[in-house]
Structure formats: C-alpha cells, structure tokens
Amino acid sequence: MSTTNGQKQAQKPQAPPASLSAGHDAEIKKVFSRFDADGDGRISPSELAAVSHAIAPPPSESAGGREVGVMMEELDADRDGYVDLGEFAAFHARGGRDQDAELRDAFDVYDINGDGRISVAELSKVLGRIGEGCSTEECERMVASVDVDGDGCVGFEEFKKMMSTDAAGAQPEAGVPNGKTKEE
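Reminder that position 144 of the sequence shown reads as 144 in my numbering, one-by-one numbering, no gaps.
Quick look at the structure:
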C-alpha cells in the first residue's frame, strides 16, 4: 500500500486496453465505478471486500479476508495495493476464468436455495443486498423477460443467454440481470 504522510498517494488511473470496444469500455468503466466507492480512480482492498461481501457474505471474517487477498493478487498487476481501471479492464479483457465457470458462479449467487433456478424472491433479495433494490413487480418483469420455458424462474441456460446479449449490442449491467438499476 503506497502512502505519503499517512495519505493515499495520488495516481493517474491507467487507460483500459485499446482492444476493447467503445460499448464494452463504457460498461467496464461503469462496473469499475461501482467498486471504486470513494471515486479516487482505484479499488482498494476494503472497497473490493465491501462489494464481495454484499454479493456473497463469507462464512467467516478470515475467509472473507483470504478471498479478497486472492482477488487482489489476481487483479493488482503492478502490486501497488490497488486495482486501477487499466488493471480492471485488462482482467476482464483476458476473460478472467472460463466464461461458463464465471457465469455459473454469478448464477449461483442469485440461486440462493441451490435448486438450479432463480426465483423472483431470490432475485429481489440479492439485488437488495448489492444496493439495487427493486420492487417485486420489477423483479417479476426481469424474470419474465428471460423466462423462455414459462416456469416463472430463470434457469442457468436462460441466465447464460441473457448475460451473453452483448452480441446484440445491449449488454446488461454486469452482475445485474437485464441491466435494471434502482434509477430506472
């Protein structure tokens, strides 16, 4: 962690890799800003922990600390103790892990009871945890918009199809089904 007289050392954030499309670049910046709570252009371990714990609370404080440490190890390429926009974008540009595994992990966050389906109640609970509180009606609309088989829930294949809509140019906000936010 870089400090000067106890204060964070100002650092110009790196630009995202040039290989990203303008739409993907904007999406990465939007997601990055959700993590960067203090707006200093860097994600600190505590900011990463806050988002991680909101999405999936760890079983213990020590487990949460280890998880954040592993994430920082993977994201913080220059080892300055922070993740800047360039590092964040580079991680996403290289795809992190296997896309199906990433989608399965994201799906599992929403599938609270582990039955292989995301219900309206589960969607509402998770969105509330991450500060994207939606009404039951909004959650019902989100589920209905991707519920191909009509069971009132979102299965993994439906989730996967919804999350890969960026080919059509309308990519949902990362981690938020159908891109709905509380501002809408």
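The C-beta atom is built at its ideal place from N, Cα and C for all residues, glycine as well.
Just the Cα atoms here: how many angstroms apart are residue i and residue j?
| i | j | result |
| --- | --- | --- |
| residue 154 | residue 67 | 28 Å |
| residue 106 | residue 47 | 19 Å |
| residue 126 | residue 80 | 32 Å |
| residue 38 | residue 136 | 31 Å |
| residue 25 | residue 134 | 26 Å |
| residue 69 | residue 141 | 37 Å |
| residue 157 | residue 118 | 11 Å |
| residue 139 | residue 58 | 25 Å |
| residue 151 | residue 121 | 14 Å |
Considering only the alpha carbon of each residue, which of the options lies closest to residue i?
| i | options | result |
| --- | --- | --- |
| residue 102 | 33, 164 and 112 | 164 |
| residue 56 | 108, 77 and 44 | 108 |
| residue 54 | 25, 61, 131 and 86 | 131 |
| residue 100 | 30, 160, 122 and 36 | 160 |
Quick one: grab the DSSP three-state call for residue i.
| i | result |
| --- | --- |
| residue 141 | helix |
| residue 164 | coil |
| residue 152 | coil |
According to the neighbour-count rule (16 or more other Cβ atoms, all chains shown, within 10 Å of its Cβ), is residue i buried or exposed?
| i | result |
| --- | --- |
| residue 83 | buried |
| residue 148 | exposed |
| residue 89 | buried |
| residue 27 | buried |
| residue 143 | buried |
| residue 94 | exposed |
Self-check item: Runs of alpha helix (DSSP H) lying entirely within the region 70-131, each at least 4 residues, in chain order
Solution: 85-93, 99-110 and 120-129
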